[in-house]
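Residue numbers (my numbering): 361 to 758.
Beta carbons are placed, not taken as given, at the ideal position from N, Cα and C, and that holds for glycine.
Keep in mind it's a predicted model, so treat the numbers as computed, not measured.
I have placed the structure first, in the form of structure tokens, so that the comments after it can refer back to it.
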């Protein structure tokens, strides 16, 4: 009996394996004791680990060490930015109740916005995107200019997690800052994949997480300018500028910093390598399944660009969930952008916002490549995709 080999992992946008340097940095601290808020020697040692990590992240992302607020990950960082900035801005001026974002944000942004709208009096406007998934900047301009004094903040992701489209962050910042409006960006998918420089971008707050860059789970950060007021979500010991209380996790923070430093340094070569694999994947899959089509920005980057490791493909006549499970049975792991509610597949909100109908928004798969991806992974997918699509189409009810 043949022992099955390791899976072909094409879901790096969901999470990516830890980098050896991050694993080493984290495990080196696991046996150490010390609360970073304690004044004795063990506490000072833990504090040193945290502050050195903060400095490493600041160098890597083009910010000041004091801008880095550690969190449990991207979801908490997004919640802290959206709620904290909204509460602070509304507290300064009760007219500031509007939040402008896009219809294609990750649920770590959309769900807090929904909560703020339904439970806390926010007026949330989700701006449209074009068929590539790129923000309609003119719509943003019109929305701001309608009543700039009522806008608490703008939140636009750096790169979309499903289709990989890069957003015009520089244009968003320019428009918002004309009226003194702060900008938050969810950069969870962008850091380590494309160049990200906090200071150069002009954004006021930026979220990222460890497990998308080869770091540990359960740790991330909100990079936020020190002169921007942010109300706390969690109150307690006053850690992290009194914005995010809670005992810090030096081993995880050390692993996070090592992963950020390594992934940012390797970004140009990494992007070139995985983009070549991605382009080969798309070309060969379309050769096998001629009516398969790419969602999002063009591969050549002429229309604004996309993440180098992202290939989001539609397969007409199939259910994305069926394709996913059929590939999984062959040892190939990927994802579908659709959610699942009570066992019923739901169309992708991103594809719907891009103008796809409900059927089109259900028949897609996201293949995302990362630092462990190889040409053999692409070969395995190309070999499997034809029979899998044929079987999925045969199984779909007419």
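Taking DSSP's pairing of strands, which residues face residue i in a bridge?
i           : result
residue 483 : 458
residue 489 : 495
residue 673 : 654, 725
residue 604 : 594
residue 666 : 525
residue 580 : 431, 569
residue 514 : 460, 543
residue 519 : 526
residue 371 : 728
Could you tell me how far apart the beta carbons of residue i and residue j are, in whole angstroms, since I believe they sit closer than 8 Å?
i           : j           : result
residue 524 : residue 710 : Rounded, the Cβ-Cβ distance is 10 Å, inconsistent with contact.
residue 600 : residue 430 : 6 Å
residue 565 : residue 417 : About 15 Å separates the two Cβ atoms, so there is no contact after all.
residue 687 : residue 694 : 6 Å
residue 615 : residue 570 : 7 Å
residue 665 : residue 612 : No, residue 665 and residue 612 are not in contact; Cβ-Cβ is about 32 Å, not under 8 Å.
residue 680 : residue 725 : 6 Å
residue 389 : residue 368 : Incorrect: roughly 33 Å between the Cβ atoms, too far for contact.
residue 769 : residue 639 : Only positions 361 to 758 of the chain appear in this structure, which leaves residue 769 out of reach.
residue 584 : residue 427 : 6 Å
Just to confirm, is the Cβ distance from residue i to residue j under 9 Å?
i           : j           : result
residue 716 : residue 672 : no
residue 512 : residue 487 : no
residue 677 : residue 756 : yes
residue 741 : residue 383 : no
residue 536 : residue 542 : yes
residue 748 : residue 683 : yes
residue 457 : residue 441 : no
residue 459 : residue 470 : no
residue 480 : residue 446 : yes
residue 730 : residue 634 : yes
residue 735 : residue 637 : yes
residue 604 : residue 448 : no
residue 708 : residue 372 : no
residue 495 : residue 532 : yes
residue 555 : residue 491 : no
residue 548 : residue 567 : yes
Just how far apart, CA to CA, sit residue i and residue j?
i           : j           : result
residue 519 : residue 544 : 13 Å
residue 653 : residue 646 : 7 Å
residue 530 : residue 722 : 32 Å
residue 606 : residue 618 : 22 Å
residue 517 : residue 498 : 17 Å
residue 425 : residue 575 : 19 Å
residue 521 : residue 515 : 15 Å
residue 434 : residue 750 : 38 Å
residue 733 : residue 527 : 25 Å
residue 432 : residue 572 : 13 Å
residue 510 : residue 455 : 5 Å
residue 546 : residue 552 : 14 Å
residue 394 : residue 420 : 26 Å
residue 592 : residue 468 : 17 Å
residue 397 : residue 404 : 8 Å
residue 407 : residue 538 : 39 Å
residue 465 : residue 438 : 11 Å
residue 375 : residue 648 : 28 Å
residue 691 : residue 364 : 8 Å
residue 423 : residue 610 : 20 Å
residue 701 : residue 381 : Residue confidence is low: residue 701 scores 45 on pLDDT, short of 50, so the model does not pin down where it sits. Its coordinate-derived value is still stated next. Whole-angstrom Cα-Cα distance: 39 Å.
residue 621 : residue 379 : 11 Å
residue 595 : residue 484 : 26 Å
residue 377 : residue 737 : 15 Å
residue 706 : residue 400 : 54 Å
residue 361 : residue 689 : At residue 361, the pLDDT of 34 sits below 50, so the modelled position is not reliable and the matter cannot be decided from this model.
residue 450 : residue 602 : 19 Å
residue 489 : residue 712 : 10 Å
residue 714 : residue 501 : 19 Å
residue 631 : residue 670 : 11 Å
residue 412 : residue 436 : 22 Å
residue 643 : residue 651 : 12 Å
Cβ-heavy atom distance between residue i and the ligand GDP below 8 Å?
i           : result
residue 571 : For the ligand GDP, the structure offers nothing, since it holds no ligand at all.
9 Å is my cut-off, CB to CB: does residue i come that close to chain C?
i           : result
residue 453 : Looking for chain C here will not work: only one protein chain is present.
With a floor of 4 residues, list each alpha helix (DSSP H) that falls wholly inside the region 684-732, ordered by position along the chain.
709-713
Counting only runs that start and end within the region 538-578, where is the alpha helix (DSSP H) found for 4 or more residues in a row?
558-561
What are the start and end residues of each continuous alpha helix (DSSP H) run of 4 or more residues lying completely inside the region 393-426, in chain order?
401-421
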